[in-house]
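For reference, the structure discussed in these notes is given below.
Numbering (UniProt numbering), first residue to last: 1 to 76.
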């Protein structure tokens, strides 16, 4: 299995982890508009947005936020 293949195959490593009872990160539904992102449901817990770096295949950058409103504001 590739290192980063979430969403590319039906049974990715998150699926295998969940089957083994290993906790995995949660994901939340959002609406992406022209220059903003809106959560469909308000989230009242700390969030980490993992973003891809186009020039590096396996590295990521992260944006930390106190809740969904804080993250929406940081992404404007």
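Beta carbons are placed, not taken as given, at the ideal position from N, Cα and C, and that holds for glycine.
Exercise. Residue 66: which of 40, 29, 48 sits nearest, CA to CA?
Worked result: One-based indexing of the chain shown puts residue 66 at position 66. It is 48.
Exercise. So, helix, strand or coil for residue 61, using DSSP?
Worked result: Position 61 of the chain shown, counting from 1, holds the residue named residue 61. Correct three-state label for residue 61: strand.
Exercise. Among 62, 36, 43, which residue has its Cα nearest to the Cα of residue 73?
Worked result: If you number the chain shown from 1, residue 73 lands on position 73. Considering only alpha carbons, the answer is 36.
For this session: Please name the residue, chosen from 46, 60, 45, that lies closest to residue 52 on a Cα-to-Cα basis.
Result: On the chain shown, position 52 is the one that residue 52 refers to. Considering only 46, 60, 45, the residue with the shortest C-alpha distance to residue 52 is 60.
Exercise. Mind pulling the beta strand (DSSP E) runs of 3 or more residues that sit fully within the region 18-45?
Worked result: 30-32, 37-39
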